[in-house]
């Protein structure tokens, strides 16, 4: 009985490995297998759950990435040399992260347009990523994140001794106990705080933002506009609720592209036109584009997969 | 692939997708719900051409099913632990849940740390970098069946470790409960 169970687990693992590049037929065989017995379905369920945990785990830094191809492979994590005492490693990391952090442990997490993903960091911080978003994280130092592009909501586990720092386009946002949202796209950077506060820093300015504060930064930090946002609306993109204050239609479109993978062009200088308001989107382009057009007094047309908003000849309001 | 193409393939595969989801979720209602969700989002599922659209749709469906199973497991764990003891403390269950997940995560990382380096490398390339087994075989200089065996053992080690951890915590919880009952009675 126990041996049978163990065997079923091995089979479930085998299926899980094969499914990574299974074709239609492979999937049909798999479906037949999990349908064959509740024990099969239960075993696969366990493996699928384990697999998610593996996806969040920190792995030993790849040796080749460190440029040490000729050195013998290190069997364990550089900072776990003594054994699997995670608590010791954690304490060591708290004491001197710079000393023991291997330089090669950076990794990238990215989403495609319209995709969503939540990254859980080992310190309890979680990051909800919108579509078309790339984050660079560091396994050796979980208190830093670089938002290379896109938008993410950060739920930071506060640690006064090790503030969490987000960098984007050469600017930094440092948590002071916080939930905050950062968007980094071609129009610039926006930061909005839902709980707690953050310290924003560019080469030119340092600002402290508290719950309900938002900041739009353009032109590589030369232009910084402070605005307010209802804290409940921060990270509203998760529910399709987007809020703009003193921003541009270009910002609205960038948010839609990111969130839903929508291909939406702007004509007649619409992209620079200011926009303030809260819009609820559905992710269904047939509804959202006409809705937005109506809001901004533009006309819309569809060109294959691409949508275009134009000023429609009327003067900008 | 044009969206129209993906839609057509979705419709053609719908019966099999439904079977997959029913087998994973244990009921038809949730399975239909996932299919509905996929259908509504089908424009956004793929932003670039998909080589094997049918397999792609199966993968999406299987992922969504796993999401739901994990969410359901968390809900029931949370209800079991918190429903009586912490009325109104909304953020506490989350903290507790994060703590439990972190314990499991520590087991996973412990298991990975204990692995031979090649096994950990194979697992990382397979799971994090999503490399095909052929590429892993080339990188490690072994056969594809060698990679398969490494991965099989890696998943098994992790599974056994988590299972043992779950049993231990369950036993501890029961002991704790019995003690409380004794004290109460």
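Chains as they are written, first to last, in my numbering: chain A, 8 to 324; chain B, -2 to 182.
Using N, Cα and C, we set each Cβ at its ideal position, and we do this for glycine too.
The structure presented is a predicted model; accordingly, all values stated were derived computationally and were not measured.
Q: Could you confirm whether any beta carbon from chain A is found closer than 8 Å to the beta carbon of residue 184 of chain B?
A: No statement about residue 184 of chain B is possible, as the shown extent of chain B runs from -2 to 182 and does not include it.
Q. Do residue 52 of chain B and residue 34 of chain A have their CB atoms nearer than 8 Å?
A. yes
Q. From B:108, B:105, B:107, B:144, pick the residue whose C-alpha is nearest to that of residue 119 of chain B; which is it?
A. B:144
Q.
Just verifying my parser: in three-state terms, what is the DSSP assignment at residue 165 of chain A?
A. Three-state result, residue 165 of chain A: coil.
Q. Quick one, which of A:168, A:138, A:167, A:176 has its alpha-carbon nearest residue 160 of chain A's?
A. A:138
Q.
Between residue 57 of chain B and chain A, is any beta-carbon pair separated by less than 8 Å?
A. no
Q | Where residue 65 of chain A falls: helix, strand or coil (DSSP) | A | coil
(Q) Rounded to the nearest angstrom, what separates residue 189 of chain A and residue 149 of chain A at their Cα positions? (A) Roughly 18 Å between the two C-alpha positions.
**Q.** Other residues of its chain near residue 115 of chain A: CB distance less than 8 Å, five sequence neighbours each side excluded
**A.** The beta carbon of residue 115 of chain A is closer than 8 Å to those of 141, 142, 143, 144, 155 in its chain, skipping five residues each way along the sequence.
Q.
Run through chain A and tell me which residues come within less than 8 Å of residue 120 of chain B, C-beta to C-beta.
A. Neighbours of residue 120 of chain B on chain A, chain order: 61, 66.
Q. Whole-angstrom Cβ separation of residue 14 of chain B and residue 55 of chain B, contact assumed at under 8 Å?
A. 7 Å
Q: Using a Cβ cut-off of 9 Å, pull out every chain B residue sitting near residue 15 of chain A, in sequence order please.
A: Under the 9 Å cutoff, chain B gives no residues; its nearest Cβ is about 11 Å from residue 15 of chain A.
**Q.** Identity of the residues DSSP links to residue 250 of chain A by a beta bridge
**A.** A:285
Q. If you run the structure through DSSP and keep just helix, strand and coil, what is residue 367 of chain A?
A. Here chain A covers residues 8 to 324 and nothing more, so residue 367 of chain A does not appear.
Q. With a cut-off of 8 Å, does the C-beta of residue 314 of chain A fall near any C-beta of chain B?
A. No, no contact with chain B.
Q | Short Cβ contact (8 Å threshold) for residue 68 of chain B with residue 22 of chain B | A | no
Q. DSSP puts residue 54 of chain A in a beta bridge; with which residues?
A. For residue 54 of chain A, which the question treats as bridged, DSSP gives no partner whatsoever.
Q) Taking 8 Å as the CB-CB limit, is residue 47 of chain B close to chain A? A) Residue contact with chain A for residue 47 of chain B: absent (no Cβ-Cβ distance below 8 Å to any residue of chain A).
Q. Going along the segment 149 to 160 of chain B in order, which residues come within less than 7 Å of chain A, judged by CB to CB distance?
A. 149, 152, 153, 155, 156, 159
Q. Apart from the five residues on each side of it in sequence, which residues of its chain come closer than 6 Å, Cβ to Cβ, to residue 241 of chain A?
A. 188, 199, 201
Q: Quick one: list the residues of chain A neighbouring residue 13 of chain B, beta-carbon separation under 9 Å, in chain order.
A: 31, 34, 35, 38
Q | Residue closest to residue 21 of chain A, alpha-carbon to alpha-carbon, out of A:32, A:30, A:119, A:37 | A | A:37
Q) Would a C-beta distance cut-off of 8 Å place residue 57 of chain A and residue 159 of chain B closer than the cut-off? A) yes
Q: Compute the distance between the beta-carbons of residue 196 of chain A and residue 217 of chain A, then report whether it is under 8 Å.
A: no
Q: Give me the Cα-Cα distance between residue 183 of chain A and residue 289 of chain A, rounded to the nearest whole angstrom.
A: Cα to Cα, residue 183 of chain A sits roughly 33 Å from residue 289 of chain A.
Q. Can you tell which of A:65, A:51, A:66 has the C-alpha that lies nearest to the C-alpha of residue 60 of chain B?
A. A:51
**Q.** Any 3 or more C-beta pairs closer than 8 Å across the segment 248 to 262 of chain A and the segment 291 to 298 of chain A
**A.** no
Q.
Rounding to the nearest angstrom, what Cα-Cα distance links residue 300 of chain A and residue 223 of chain A in this structure?
A. 24 Å
**Q.** residue 141 of chain B classed as buried or exposed, judged by whether at least 16 other C-beta atoms fall within 10 angstroms
**A.** The residue is exposed, with fewer than 16 neighbouring Cβ atoms inside 10 Å.
**Q.** CA-to-CA distance, residue 225 of chain A to residue 174 of chain A, given in whole angstroms
**A.** Residue 174 of chain A and residue 225 of chain A: Cα-Cα distance of roughly 15 Å.
Q: Write down the C-beta distance between residue 105 of chain B and residue 64 of chain A rounded to the nearest angstrom, noting that I regard them as a contact closer than 8 Å.
A: The Cβ separation is near 5 Å, so the contact holds.
**Q.** residue 81 of chain B at chain A interface by Cβ criterion, 8 Å
**A.** Below a pLDDT of 50, predicted positions are generally treated as unreliable, and residue 81 of chain B, at 40, falls in that range; the measurement from the model is reported next regardless. It does not; no Cβ of chain A falls within 8 Å.
Q: Provide the residue(s) that pair with residue 120 of chain A in DSSP beta bridges, ordered along the chain.
A: Beta-bridge pairing links residue 120 of chain A to no other residue.
Q | Limits of the unbroken beta strand (DSSP E) element including residue 232 of chain A | A | 230 to 235
(Q) Does any residue of chain B have a CB that is nearer than 8 Å to the CB of residue 230 of chain A? (A) no
Q) How far does the alpha helix (DSSP H) with residue 31 of chain B in it reach, from first residue to last? A) 25 to 37
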